[in-house]
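Residue numbers (this note's numbering): 9 to 591.
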Amino acid sequence: MKRYIILLFLSFQAMIAQVQFEAKVSKQTLGLNERLRIDFTMNDDGDNFTPPNFEGFKIVAGPSQQVSQSWINGKSSFNKTYSYFLLPMQKGTLVIRQASIDIRGQIYKTSPIKITVTAAVEQPRDPNDTQVTADQSLHLVAEISKTNPYLNEPITVVYKIYFSYNIGITNWRELDKPKYNDFWSQNIDIKQLVAEEGRYKGEKYRFVTLRKTVLYPQKSGKLVIEPLSLDVDVQLPSNRRNIFGQVLLVEDHKRVSAGAKTINVKALPEAGKPADFSGAVGRFAFKVIPSKTNIKSGESLDLDVSVSGTGNLKLFTLPKPIVPTALEMYDPVHGEQVTTPLSGMTGKISDKYAIIPQYKGKYPIKPMSFTYFDLGSQSYKTITSPEIMINVLEGPNVSNSSLAATTNSKKEVLSSAQFKFIKLKTELTSMRQSDFYGSTWYYLLALLPFLCIPVIVIFKKKKEAIDGDIAGNKIKLSNKLAKKYLSEAQKEIGNKEPFYIALEKAMHNFLKAKINIETSEMSKEKISEILLERKANPESISAFINLTENCEFARYAPSTSAAIQEDYDKAVTIISELEKQIV
Numbered sequence: 009m010k011r012y013i014i015l016l017f018l019s020f021q022a023m024i025a026q027v028q029f030e031a032k033v034s035k036q037t038l039g040l041n042e043r044l045r046i047d048f049t050m051n052d053d054g055d056n057f058t059p060p061n062f063e064g065f066k067i068v069a070g071p072s073q074q075v076s077q078s079w080i081n082g083k084s085s086f087n088k089t090y091s092y093f094l095l096p097m098q099k100g101t102l103v104i105r106q107a108s109i110d111i112r113g114q115i116y117k118t119s120p121i122k123i124t125v126t127a128a129v130e131q132p133r134d135p136n137d138t139q140v141t142a143d144q145s146l147h148l149v150a151e152i153s154k155t156n157p158y159l160n161e162p163i164t165v166v167y168k169i170y171f172s173y174n175i176g177i178t179n180w181r182e183l184d185k186p187k188y189n190d191f192w193s194q195n196i197d198i199k200q201l202v203a204e205e206g207r208y209k210g211e212k213y214r215f216v217t218l219r220k221t222v223l224y225p226q227k228s229g230k231l232v233i234e235p236l237s238l239d240v241d242v243q244l245p246s247n248r249r250n251i252f253g254q255v256l257l258v259e260d261h262k263r264v265s266a267g268a269k270t271i272n273v274k275a276l277p278e279a280g281k282p283a284d285f286s287g288a289v290g291r292f293a294f295k296v297i298p299s300k301t302n303i304k305s306g307e308s309l310d311l312d313v314s315v316s317g318t319g320n321l322k323l324f325t326l327p328k329p330i331v332p333t334a335l336e337m338y339d340p341v342h343g344e345q346v347t348t349p350l351s352g353m354t355g356k357i358s359d360k361y362a363i364i365p366q367y368k369g370k371y372p373i374k375p376m377s378f379t380y381f382d383l384g385s386q387s388y389k390t391i392t393s394p395e396i397m398i399n400v401l402e403g404p405n406v407s408n409s410s411l412a413a414t415t416n417s418k419k420e421v422l423s424s425a426q427f428k429f430i431k432l433k434t435e436l437t438s439m440r441q442s443d444f445y446g447s448t449w450y451y452l453l454a455l456l457p458f459l460c461i462p463v464i465v466i467f468k469k470k471k472e473a474i475d476g477d478i479a480g481n482k483i484k485l486s487n488k489l490a491k492k493y494l495s496e497a498q499k500e501i502g503n504k505e506p507f508y509i510a511l512e513k514a515m516h517n518f519l520k521a522k523i524n525i526e527t528s529e530m531s532k533e534k535i536s537e538i539l540l541e542r543k544a545n546p547e548s549i550s551a552f553i554n555l556t557e558n559c560e561f562a563r564y565a566p567s568t569s570a571a572i573q574e575d576y577d578k579a580v581t582i583i584s585e586l587e588k589q590i591v
């Protein structure tokens, strides 16, 4: 009897013992340059362990296996662990998916684990560690020329990788590119990477300049430059030597980051700011030059308005000349001859206007003013051009032609109206007036309600059919909205952000009207597939998609009125072409 009780007790103990298989990580938030340890543990032995694919991570060590088994007070315990060391390959939220194992014929799986990967973090150095490591001998530095510039004042960011003389670099890969939010940026090409000698924190190092960028802050306040992060393959000296006594090198890799940088941007002073200030910052010269001042009526001259010097040349607009109404002025041709070295933009921008006089005479072009903020004196300066007199030598005289037109008009009035006081036709009215009752109009008005009944019935049925056509109504509404927003975009050509918002809405509603697609379904592949099925030209499709994708970017990027007008003309052309092509 006692034996049966013991067997029953053991069976009950086996029933309450549960198999556990779980995944544990060393941390759930880590930097891009830190390692993560993950352990897959189980309290019973199993077979066919299948790890996850570790998407977004690189396995740097593992798997290592540990098994422990013990007996304490007659109770046995078993533990088996598979361990991996991982290195994240990107920032963001990564998911380590399920691992599986077969224990006694049953499949067990771990729960997925979310890992948050941040930008690279600074890792403390152990002062007692004397062995040469990549942590001690490799540094990525972002050198910034100025951390408290004015708005639109150029600053430079130079990224250098410093490495000691006893290690070698074989390769590197960019993990995180720096992001210049709220900056206008221009990368400077580095044709050849050359190792130079320099100092880092007072010690001699070699360094390579990896990247040079010129930045123009576009708003005041604290702006953050997100860091550049690299995965660097290095060769480190070991404690072993070859048969010739030379130190043997070992391969290793190190993740380095330049760290985020904060720029405190000062707003331009309000005191003394002229009303016509358009955002020019630097040191400039301003010129207004006509191609000629003596001209015949019907001939054309060019008026060249230009600014040259050093500063944010691509980030402001030139003043527009004011000419008399007798001179017909056309839209300008914008030109740029600008280079961007490490010191900032330098060169010349210009607007060239074609002007055609209509009448003989002398016509002044008023003086033009250009204002900029001078960084040297930290004050506003205004340059005013002289008045330009255009002398039209030959052509019709404006006063004589106006007089002749007035005289001819008077003659025509006299010739047509001089006999109007004489009545040539007489209209007589009968003295006998008929009653309205029984007249033709009486019967027509009496029958009119009955004649309107079929019209009302037909109109009602047509309205019900129109209201029931939900898809057709959506297409009509989208077509109407496309025309409305395209019209709004034309009105907002002078205002960049409202213009591109209206233009993007016009493009989307055009698609809704023509191919019956919802905004949530609008992807590049879906739009291309449907338009190709509707016999649209591939070049027109590509131009439409590119313009739609560029609308969001153009709202925040610097642009000129000429570029905005060009985008509007391009949208009208593309919509017209697709209107003809879509079947």
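C-beta: ideal position from N, C-alpha, C; glycine also.
Item	Value
Span separating the alpha-carbon of D190 from that of L231	7 angstroms
Buried versus exposed call for P225 [16 or more other C-beta atoms within 10 Å across all chains shown]	buried
Limits of the unbroken alpha helix (DSSP H) element including K532	532-541
Backbone secondary structure at N405 - three-state DSSP	strand
Collapsed DSSP secondary structure at D197 in the structure displayed	coil
Within the region 234-313, ranges of the beta strand (DSSP E) (whole runs, at least 3 residues)	237-249, 255-265, 269-273, 289-298
Distance, E205 Cα to F215 Cα	6 angstroms
Minimum C-alpha distance to Q36 - residue among L44, E30, F29	L44
Buried versus exposed call for R263 [16 or more other C-beta atoms within 10 Å across all chains shown]	buried
Buried versus exposed call for A413 [16 or more other C-beta atoms within 10 Å across all chains shown]	Below a pLDDT of 50, predicted positions are generally treated as unreliable, and A413, at 41, falls in that range; the measurement from the model is reported next regardless. Exposed.
Alpha carbon of P298 to alpha carbon of T354, nearest angstrom	24 angstroms
Exposed unless 16 or more other CB atoms sit within 10 angstroms - verdict on V315	buried
Coil, strand or helix - F381 by DSSP	strand
Reference P375, options L146, V346, P186, L311, closest by Cα	L311
Per-residue DSSP class, three states only, for D53	coil
Same chain, Cβ closer than 6 angstroms to R105, neighbours up to 5 away in sequence not counted	P60, P120
Residues near N136 in its chain [Cβ-Cβ closer than 8 angstroms; skip 5 each side]	With a pLDDT of 44 at N136, under the threshold of 50, the modelled position of that residue is not reliable, and the figure given next carries that caveat. Within the same chain, N136 has no close Cβ partners at all.
Straight-line gap, Q28 to T49 (C-alpha atoms, nearest Å)	8 angstroms
Beta-carbon spacing of I233, Y167 below 8 angstroms	no
Beta-carbon proximity check, T301 vs I364, cutoff 8 angstroms	no
L350, DSSP secondary structure in three states	coil
Own chain residues within Cβ distance below 8 angstroms of K266, not counting five before or after	Checking the displayed sequence, the identity of residue 266 turns out to be Ala instead of Lys. Excluding sequence neighbours, A266 sits near L148, V149, A150, Y167, P186, P235, L236, S237.
At least three beta-carbon pairs within less than 8 angstroms, the region 69-88 to the region 96-103	no
At least three beta-carbon pairs within less than 8 angstroms, the region 274-281 to the region 326-336	no
N179 and S145 closer than 8 angstroms at C-beta	no
Classification of F467 by the beta-carbon crowding that lies within 10 angstroms, buried from 16 upward	exposed
Span separating the alpha-carbon of F458 from that of L555	57 angstroms
Residues of its chain near S78, where Cβ-Cβ distance is below 8 angstroms and the 5 sequence neighbours each way are ignored	S84, S85
3 or more residues per run - each beta strand (DSSP E) lying fully within the region 56-124	65-80, 83-96, 100-104, 108-111, 114-117
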